[in-house]
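Only one structure is covered here, and it is reproduced in the block below.
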Amino acid sequence: MSYNNKNYIKRARYIINVYNAHKHADVPDTKIVRHTFPKYNIHLSYRQWMNIKGMVIPKEETQLTLF
């Protein structure tokens, strides 16, 4: 059985979009992980967040359908 990580990449992309919307110079990451993410139904530990923050996420691919 092969492992398909597309759903994990989609979730990581969503988490990073939420982070970028709420990150400012005076807001630490710990506050975002503890208070902001649960409002968006994202429940992560700080260590999981650092792994997602550090990963390279490929750009979204658009699929062409030819008829």
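Every number in my numbering is 174 more than the matching position in the sequence shown, counting from 1.
Note that the Cβ used here is the ideal one computed from N, Cα and C, for glycine as well.
Report task. Report all residues from its chain with a CB closer than 8 Å to the CB of L218; omit the five preceding and five following residues, and keep chain order. Result -> What you label residue 218 is simply residue 44 of the sequence shown in a count that begins at 1. So the list reads I189, V207, F211, I226, once near-sequence residues are dropped.
Report task. Determine the DSSP secondary structure at R224, reduced to helix, strand or coil. Result -> For the purposes of this step, residue 224 is taken as residue 50 along the sequence shown, with counting starting at 1. Residue identity check: residue 224 is Met in the sequence provided, not Arg. Three-state result, M224: helix.
Query raised in the report: Residues in its own chain within less than 8 Å of M229 by CB, not counting five upstream and five downstream?
Result: On the sequence shown, residue 229 is found 55 positions in, with the first residue counted as 1. The answer, listed in chain order, is A186.
Query raised in the report: What whole-angstrom Cβ distance do I216 and V192 have, given they're in contact under 8 Å?
Result: Translated into the one-based positions of the sequence shown, residue 216 becomes position 42. Translated into the one-based positions of the sequence shown, residue 192 becomes position 18. Correct: roughly 7 Å between the Cβ atoms.
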